[in-house]
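**Student:** To start, I am sharing the structure in question, which I have written as structure tokens.
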Amino acid sequence: MSQTRLPCALWWDEKKRRLVASFAAKGRTGQTERIVWFEKQSKRYWLAYFGDKKIGDINQAYVNGYWAWRMAYWTMASAAEKKKHPNYALNPSKKTLDMEQSALREIFGWGNAHKHITYQPIIENPFARQRIAATRRPSFDEAEWQQLREYMQRWVVGRGDADKRVHSKHLYQRKLLQIYLHWLALTGMRTGEALKLRHRDVWIGKTEQYEQLMLRITVPKDTKTGSRIVSSQPSLITWYDALIELTGTDAEADLLFCDVEGKANKGFYKSVPKLFREAGVLLDDNGDRRTAYSLRHYYAEQRLIELGLNVRAFDIIATNMGTGRQYLEAHYVRKGVMQDEDALVTAGGTRRTTMVDEAEVRAASSGLDDFY
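Residue numbering for the sequence shown follows full-length UniProt numbering, starting at 1 and increasing by one per position.
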């Protein structure tokens, strides 16, 4: 990048090296979500606004204008761009704007310290002064989740509302997506964590008090908060069996969520909003778009409904989800206890079963005959 332009690329080279070193010291390797976030935001927003502007023309008024431009970005975006990025947020969250504010302060501060620019503008998101409350991503209630589940039962066999003639590869992807969504709803894992899983990371365990079978899952190191052990809900065993049958492999080194050729799935970013729209669950009551990540929120809410809104419940659920109690309360749960693993998996014995019910088995195996 020319010295007459804001030195974003030079700053990012140094920033990325520091992030990688920091994550490596914590035992985390690979392309972390933090690095992906910085690269995505810089390409889509910061370089789009500041990249072609000469440093001498970047005055305080121009810097201030970024925030209005950013807030209106997706309102003004073309239909093609919205289609390309179906998970866009029409109104960026307070957390996102706070993170962008911090990053831009760092960019300008770095440029000033290294004499690329001769002044340090005030970087302050005016919307933060409006005391915007921390937002929660849209979730599902139990009825909405069941509505989606029921629609997927016919969607995976090519009988969706918009279906005419569905190719076998599309049916494979649909079944894979159905299993993936159940995986999120029954573990509370982050979307990126689930996509990185290999079969060596999954094994069947048993709770100590009620001896309830479930999956124990090792989250890989190269994820947002590093490695941890996740205890699933019991019915995930059935969906895991269906996944093995669908993909035809349970080899330790193989990815769980892979395409027909065994390559990693990138996240169903176009399929999820289309499916949710057809099932009538894309938007919540506030008009906010649901994503696959909404099922992580559904998981948290369902566990708290079963265990109660007490400090102990928040702690064990947050630990299983790889987050903190305060963050869970602030960002995951809408307003409105015994051995840790037993509480998570059996809800204190109220949901104690020794076998998954036949309806769940039928749901998990639906559509698998189409591939053999």
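Think of the CB as a built atom: it goes at the ideal place given N, C-alpha and C, for glycine as much as any other residue.
Locate the beta strand (DSSP E) running through L215, then write down its first and last residues.
**Tutor:** For this step, residue 215 is matched to residue 215 along the sequence shown. Residues L213 to V219.
**Student:** Can you tell me whether A313 is buried or exposed? The criterion is at least 16 other CB atoms within 10 Å of its CB, across all chains shown.
**Tutor:** Mapped onto the sequence shown, residue 313 falls at position 313. Counting Cβ neighbours within 10 Å, A313 comes out buried, since at least 16 surround it.
**Student:** Exposed or buried, what is K49 when buried is set at 16 or more other beta-carbons lying within 10 Å of its beta-carbon?
**Tutor:** Here the question's residue 49 lines up with position 49 in the sequence shown. Before going further, note that residue 49 is Tyr rather than Lys in the sequence given. Buried: at least 16 other Cβ atoms inside 10 Å.
**Student:** Using only the alpha-carbon positions, how far apart do M76 and E100 sit?
**Tutor:** The residue given as residue 76 occupies position 76 in the sequence shown. The residue given as residue 100 occupies position 100 in the sequence shown. Distance between the alpha carbons of M76 and E100 is about 20 Å.
**Student:** Is it right to say R200 is buried, meaning 16 or more other beta carbons lie within 10 angstroms of its own, or is it exposed?
**Tutor:** As a position in the sequence shown, residue 200 is number 200, starting the count at 1. Answer is exposed; the Cβ neighbour count stays below 16.
**Student:** Select from E358, V345, G367 and Y66 the residue whose C-alpha is nearest the C-alpha of Y210.
**Tutor:** Your numbering for residue 210 matches position 210 in the sequence shown. Of the candidates E358, V345, G367 and Y66, the one whose C-alpha sits nearest the C-alpha of Y210 is V345.
**Student:** Is T118 buried or exposed, if buried means 16 or more other CB atoms sit within 10 Å of its CB?
**Tutor:** Against the sequence shown, residue 118 aligns to sequence position 118. Exposed.
**Student:** Per DSSP, which residues does A80 bridge with? Please list them.
**Tutor:** Here residue 80 refers to the residue found at position 80 when the sequence shown is read from its first residue. None, per the DSSP bridge assignment.
**Student:** What is the C-beta distance between V361 and T238, in whole angstroms, given that I count them as a contact (C-beta under 8 Å)?
**Tutor:** The residue labelled residue 361 in the question sits at position 361 within the sequence shown. The residue labelled residue 238 in the question sits at position 238 within the sequence shown. 6 Å between Cβ atoms; contact.
**Student:** Relative to the alpha-carbon of R34, which residue among Y45, L47, W46 and K16 has its alpha-carbon at the smallest distance?
**Tutor:** Here the question's residue 34 lines up with position 34 in the sequence shown. Closest option to R34, Cα to Cα, is K16.
**Student:** Within 10 angstroms of its Cβ, does V311 collect 16 or more other Cβ (buried), or is it exposed?
**Tutor:** Taking the sequence shown and counting its residues from 1, the one referred to as residue 311 is at position 311. Per the 10 Å Cβ criterion, exposed.
**Student:** Cα separation between L181 and A80?
**Tutor:** Walking along the sequence shown from the start, residue 181 turns up at place 181. Walking along the sequence shown from the start, residue 80 turns up at place 80. Near 26 Å, if we compare the C-alpha coordinates of A80 and L181.
**Student:** Do you know offhand how far G109's Cα is from A9's?
**Tutor:** Residue mapping note: residue 109 aligns to position 109 of the sequence shown, counting from 1. Residue mapping note: residue 9 aligns to position 9 of the sequence shown, counting from 1. Cα-Cα distance, rounded: 14 Å.
**Student:** Exposed or buried, what is residue 394 when buried is set at 16 or more other beta-carbons lying within 10 Å of its beta-carbon?
**Tutor:** Because the chain is modelled from 1 through 372, residue 394 falls outside the range shown and cannot be assessed.
**Student:** Could you spell out the range, first to last residue, of the beta strand (DSSP E) harbouring I229?
**Tutor:** Counting from one through the sequence shown, the residue named residue 229 turns up at place 229. Per DSSP, I229 belongs to the beta strand (DSSP E) from R228 to S231.
**Student:** Could you name the residues of the same chain whose beta carbon sits closer than 8 Å to that of F127, not counting the 5 residues immediately before and after it, in chain order?
**Tutor:** Sequence index remark: in the sequence shown, residue 127 carries index 127 (1-based). Hits under 8 Å: W67, M71, K94 and L97.
**Student:** Tell me, to the nearest whole angstrom, how far the beta carbon of D161 is from that of E278; I am working on the premise that it is less than 8 Å.
**Tutor:** What you label residue 161 is simply residue 161 of the sequence shown in a count that begins at 1. What you label residue 278 is simply residue 278 of the sequence shown in a count that begins at 1. That pair is a contact at about 5 Å.
**Student:** Once DSSP output is grouped into helix, strand and coil, what is the label at A363?
**Tutor:** Mapped onto the sequence shown, residue 363 falls at position 363. A363 falls in the helix class under three-state DSSP.
**Student:** Closer than 7 Å by C-beta to Y293: which residues in its own chain qualify, once you throw out the five before and the five after it? Chain order, please.
**Tutor:** Taking the first residue of the sequence shown as position 1, residue 293 is located at position 293. So the list reads R137 and T191, once near-sequence residues are dropped.
**Student:** Pick from F38, W203 and Y88: whose alpha carbon is nearest that of D288?
**Tutor:** On the sequence shown, position 288 is the one that residue 288 refers to. Out of F38, W203 and Y88, Y88 has the C-alpha closest to the C-alpha of D288.
**Student:** Taking all protein chains shown into account, do 16 or more other C-beta atoms lie within 10 angstroms of the C-beta of W203, making it buried, or fewer, making it exposed?
**Tutor:** By one-based count along the sequence shown, residue 203 stands at place 203. Per the 10 Å Cβ criterion, exposed.
**Student:** Hey, would you say V156 sits closer than 9 Å to S366, going by beta carbons?
**Tutor:** By one-based count along the sequence shown, residue 156 stands at place 156. By one-based count along the sequence shown, residue 366 stands at place 366. Contact flag set, yes.
**Student:** Going along the chain, which residues of its own chain have a beta-carbon closer than 7 Å to the beta-carbon of V260, five neighbours each way excluded?
**Tutor:** For this step, residue 260 is matched to residue 260 along the sequence shown. Excluding residues within five positions, the ones whose Cβ falls inside 7 Å are K169 and Y172.
**Student:** Just the C-alpha distance for T207 and R149, rounded to the nearest angstrom, thanks.
**Tutor:** Counting from 1 along the sequence shown, the entry for residue 207 is found at position 207. Counting from 1 along the sequence shown, the entry for residue 149 is found at position 149. Rounded to whole angstroms, T207 to R149 spans 27 Å at the Cα level.
**Student:** For a minimum of 4 consecutive residues, which ranges assigned as the alpha helix (DSSP H) are wholly contained in the segment 278-322?
**Tutor:** Qualifying alpha helix (DSSP H) stretches, in chain order: 294-307 and 311-321.
**Student:** Less than 8 Å between the CB atoms is what I'm expecting for I317 and L309, so what's the real figure, rounded?
**Tutor:** As a first step, residue 317 is located in the sequence shown; it is residue number 317 there, counting from the start. As a first step, residue 309 is located in the sequence shown; it is residue number 309 there, counting from the start. Contact flag wrong, Cβ pair sits at about 11 Å.
**Student:** Quick one: Cα of W11 to Cα of A113, how far?
**Tutor:** On the sequence shown, residue 11 is found 11 positions in, with the first residue counted as 1. On the sequence shown, residue 113 is found 113 positions in, with the first residue counted as 1. Near 11 Å, if we compare the C-alpha coordinates of A113 and W11.
**Student:** In the structure shown, what three-state DSSP assignment does L256 receive?
**Tutor:** Position 256 of the sequence shown, counting from 1, holds the residue named residue 256. In this structure, L256 counts as coil in the three-state DSSP scheme.
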